[in-house]
Each structure stands twice: as C-alpha cells, then as structure tokens.
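Enquirer: What follows is a structure written as structure tokens; I'll ask about it next.
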Amino acid sequence: APSNALRTGTPTAPRYHREPGETLIEVSGLRKSFGDNEVLKGIDFTVAAGSVTVILGPSGSGKTTILRSLNALDIPDAGTIRIADGVIDFAKPYTKADLVTYRKQSAMVFQSHNLFPHKTVLENVIEGPVIVQRRPKAEAIAAAEALLESVGLAEKRDQYPEQLSGGQQQRVGIVRALAIEPEVMLFDEPTSALDPELVGDVLEVLKDLAGQGWTMVVVTHEIRFAQQVADQVIFADGGVVLERGTPAQVIGEPTHERTRQFLKRLL
Ligand code: ADP
C-alpha cells in the first residue's frame, strides 16, 4: 500500500508492513484491582495499525494501569488483550512463553527517561537489541546511530545521561524504546516531568513518529497534541472508557458531563 511504502527508508519507521486500518490492538473486558481498589472495571477498545491513540482522564482513573497492562508491567486480573502476534486471556492460565511474546510487541516510554546513569547514550540505546534481542553489535550500533540522528542527538552518543538536559534524556528514552522495534510504542505522560520549555521538542518527536507510521498509545494531558495528532481519543474515568472517538468527537463534542468538566480544566 502506498502509505506503507512511504514509511520504508526513513530511519525510525517500523520495519514490518501492515495494512492501513488493520486492527493491531484489541482490549476486551480488562479488569485490574490493587487490593480492594478496583482500578479497571472492564475496559474495551481497539487500536488500528499506524494510528495514534491518546488516553485522557482525571488522575487516578486508571490510565497508567491500562498502559502497564499492555506491556505486562501490571498483570490484569481478567480480560483478553491482543497486540499484533501476542495474545493473552488473563483470566486463564498462560505460559511464560505466551507472556514473553505478548510483552515484546510493545515498548514503554516513562514519565522520566529511566536511563542507566553509568552507561553512555549509545550503550543505553543498544542494550535492548544486543543484550535482550541478541542482535549483532555492529548492526545495533548502526541502527542506534541512525535513530539518534533522527531525533537530533547524533553528537551525544558518547555522553552520559547526566550531561544531557531533561528533554534530551527523554528523547534518548524514546530512541531506546524504538531500538527494539516494537509493534507499538506506549508513552506514559512523556512530557509531564519536563520543564515547560522542553515539552515542545519531545512532542515534535512524537509527531514525527506518528507521521512515520508508528502505532502509538499516549497517556498525556497535552490536549493540543491530542487534537493535532491523535486519530483516536479515549476518555477514561472511574475505571471505564467513558468516551472513545476522534478528537473532534471526544474533545470537540463530548457526550458526558464528566468529560466536559475534565476538558474545561485543561482547555
Ligand atoms: P492514572 O494514570 O489515571 O492517574 P493509575 O493507573 O496510575 O491512574 O492509578 C489508578 C489507581 O490505581 C490509583 O488509585 C492508584 O493509587 C492505584 N494504583 C496504581 N498502581 C498501584 C499499585 N502498584 N499498587 C496499589 N495501587 C496502585
């Protein structure tokens, strides 16, 4: 397909080919409690390949838990999640191999980078490909250099994280996630720990990735980013998906009073 053909050749574009609009993520009946606290009460949504989904919602509504469930950092109590070739029904027994396959479909970028402080930028980026994926080191270095170049950090390859600004560290964190070539990039409030003047750079990187065809799920309070870049907006509240649709639908014409109240505080 033409849109896929455009993706190849750019340094950070996903390598695999998907039909535009193909469903890449299917979440159904996702439930999760922490002790007595039922945080997710039956979450359902789908994500199309190559699309950007933004999850909005008040603090404590379970947004991070949804993302962490997609990466198996939190193990759901129930529900079935399929991400590309990884599928698990969490209410049933599954093998460790199932979990490994499931987990490797996605890579998560956290609020603050969590880079290894004693490793250089390059060493941070090649860690996943070389140690976890056992790819040849020379190949991993070449790929890492191209990725660093694409986010404007080529000349930082031999520096240590503490020598970089918060925004630069966050871009290295994004590159590190890209380097393992996941099917889906998950971002958990990627700009919320940054000084205001650094937020724009990181959002630009996210926009670039969206333009290259990466499938992305982003938890953020950046409404303007959602309006400009998202294909789908999910409004989570009280452990359920209250609204789901295009930015024009969910942000422009929300159907629930709770969504309107929430948006009023952000806009
Ligand atoms: P959001 O991202 O929307 O702010 P979270 O998914 O981070 O919401 O959290 C939802 C609820 O789950 C909160 O009440 C939070 O305290 C609780 N929670 C999240 N992770 C844990 C955990 N590991 N242990 C206990 N409670 C947790």
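Numbering (our numbering), first residue to last: 185 to 451.
Idealized CB from N, CA, C, for every residue including glycine.
1) In three-state terms, what does DSSP make of Ala328?
2) Where does Ser376 sit, in a helix, a strand or coil, going by DSSP?
3) Let me make sure I understand the geometry here. Which of Ser212, Pro260, Gly241 has the alpha-carbon closest to that of Gly219?
4) Could you tell me if the beta carbon of Val223 falls within a distance shorter than 8 Å of some heavy atom in the ligand ADP?
5) Could you tell me whether the region 306 to 321 touches the region 367 to 374, using the rule of 3 or more Cβ pairs below 8 Å?
6) Considering only residues of the same chain and omitting the five flanking positions on each side of Tyr344, which have a CB-CB separation below 8 Å?
7) Residues in its own chain within less than 6 Å of Val383 by CB, not counting five upstream and five downstream?
8) Where does the unbroken alpha helix (DSSP H) through Gly350 begin, and where does it stop?
9) Once DSSP output is grouped into helix, strand and coil, what is the label at Gly270?
10) Under the assumption that Arg360 contacts Val402 (Cβ atoms under 8 Å), give the Cβ distance between them as a whole number of angstroms.
11) Please specify which runs of the beta strand (DSSP E), each continuous and at least 3 residues long, are wholly inside the region 231 to 303, giving them in chain order.
12) Going along the chain, which residues of its own chain have a beta-carbon closer than 7 Å to the beta-carbon of His440, five neighbours each way excluded?
13) Quick one: does the C-beta of Thr404 sit closer than 8 Å to a heavy atom of the ligand ADP?
14) For Ile351, which residues from the same chain have a beta carbon less than 7 Å from its beta carbon, with the 5 sequence-adjacent residues on both sides left out?
15) If you run the structure through DSSP and keep just helix, strand and coil, what is Val335?
16) List the residues that DSSP assigns as beta-bridge partners of Phe229.
17) If contacts are defined as beta-carbon pairs under 8 Å, then Ile407 and Leu337 qualify, I think. What distance do you get, rounded to the angstrom?
18) Could you tell me if Gly193 is buried or exposed, where buried requires 16 or more neighbouring beta carbons within 10 angstroms of its beta carbon?
19) Do Ser376 and the ligand ADP come close, with the Cβ less than 8 Å from some heavy atom?
20) Using CA atoms only, rank isn't needed, just tell me which of Gly312, Thr248, Arg444, Asp342 is closest to Thr404.
21) Ignoring anything shorter than 3 residues, give me the beta strand (DSSP E) runs that lie fully in the region 368 to 444, in order along the chain.
22) Can you list, in chain order, the residues of its chain whose CB lies under 8 Å from that of Phe446, leaving out five sequence neighbours each side?
23) How would you call Gly246, buried or exposed, if buried means at least 16 neighbouring beta carbons within 10 angstroms?
24) Would you mind giving the Cβ-Cβ distance between Val293 and Ile358, rounded to the nearest angstrom? I have them listed as a contact below 8 Å.
25) Report all residues from its chain with a CB closer than 7 Å to the CB of Lys528; omit the five preceding and five following residues, and keep chain order.
26) Considering only the alpha carbon of each residue, which of Gln411, Ala281, Gln289, Lys280 lies closest to Leu208?
Expert: Taking the structure as given:
1) On the sequence shown, position 144 is the one that residue 328 refers to. Looking at Ala328 - three-state DSSP - the assignment turns out to be helix.
2) On the sequence shown, residue 376 is found 192 positions in, with the first residue counted as 1. Three-state DSSP puts Ser376 in coil, outside helix and strand.
3) Working through the sequence shown from its first residue, we reach residue 219 at position 35. With distances taken between Cα atoms, Gly219 lies closest to Pro260.
4) If you number the sequence shown from 1, residue 223 lands on position 39. Indeed, a heavy atom of the ligand ADP lies less than 8 Å from the Cβ.
5) no
6) On the sequence shown, position 160 is the one that residue 344 refers to. Counting only Cβ-Cβ distances below 8 Å, and skipping sequence neighbours, we find Pro301, His302, Lys303, Thr304, Val305.
7) Locating residue 383 in the sequence shown gives position 199, where the first residue counts as 1. Result list for Val383: Thr375, in chain order.
8) One-based indexing of the sequence shown puts residue 350 at position 166. It spans 350 to 363 - the alpha helix (DSSP H) in which Gly350 sits, taken as one unbroken run.
9) For the purposes of this step, residue 270 is identified with residue 86 of the sequence shown, where counting begins at 1. Three-state DSSP puts Gly270 in a strand.
10) Within the sequence shown, residue 360 is the residue found at index 176, counting from 1. Within the sequence shown, residue 402 is the residue found at index 218, counting from 1. 17 Å between Cβ atoms; not a contact.
11) 236 to 240, 262 to 267, 270 to 273, 290 to 293
12) Position 256 of the sequence shown, counted from the first residue, corresponds to residue 440. Excluding positions up to five away in sequence, the list reads Leu426, Glu427.
13) The count along the sequence shown starts at 1 and reaches residue 404 at position 220. Flag unset: Cβ of Thr404 not near the ligand ADP.
14) Here residue 351 refers to the residue found at position 167 when the sequence shown is read from its first residue. According to the sequence shown, residue 351 is Gly rather than Ile. Taken in chain order, the residues that qualify are Leu378, Leu382, Asp385, Val386.
15) Locating residue 335 in the sequence shown gives position 151, counting from the first residue. In this structure, DSSP gives Val335 a state outside helix and strand, which the three-state scheme calls coil.
16) Along the sequence shown, read from residue 1 onward, the residue named residue 229 stands at position 45. Residue pairing of Phe229 in beta bridges, as defined by DSSP: Val211.
17) Walking along the sequence shown from the start, residue 407 turns up at place 223. Walking along the sequence shown from the start, residue 337 turns up at place 153. Their Cβ separation, rounded to whole angstroms, is 28 Å, which puts Ile407 and Leu337 out of contact at 8 Å.
18) Here residue 193 is taken as the residue at index 9 of the sequence shown, counted from 1. Low confidence applies here, because Gly193 scores a pLDDT of 45, under 50, leaving its location unreliable and the question unanswered by this model.
19) Along the sequence shown, one-based indexing puts residue 376 at 192. Shortest gap from the CB of Ser376 to any heavy atom of the ligand ADP: 8 Å or more.
20) As a working mapping, residue 404 is identified with position 220 in the sequence shown. Thr248 is the residue among Gly312, Thr248, Arg444, Asp342 whose C-alpha sits nearest the C-alpha of Thr404.
21) 368 to 372, 399 to 403, 416 to 421, 424 to 429
22) For the purposes of this step, residue 446 is identified with residue 262 of the sequence shown, where counting begins at 1. The residues are Leu240, Gly241, Pro242, Phe419, Asp421.
23) To locate residue 246, count along the sequence shown from 1; it is residue 62. Under a 10 Å Cβ-count criterion, Gly246 is classified as buried, with 16 or more other Cβ atoms of the shown protein chains found around its own Cβ.
24) Along the sequence shown, read from residue 1 onward, the residue named residue 293 stands at position 109. Along the sequence shown, read from residue 1 onward, the residue named residue 358 stands at position 174. With a Cβ gap of about 5 Å, Val293 and Ile358 count as contacting.
25) There is simply no residue 528 to check, as the chain begins at 185 and stops at 451 in what is shown.
26) Within the sequence shown, residue 208 is the residue found at index 24, counting from 1. That would be Gln289, whose Cα lies nearest to the Cα of Leu208.
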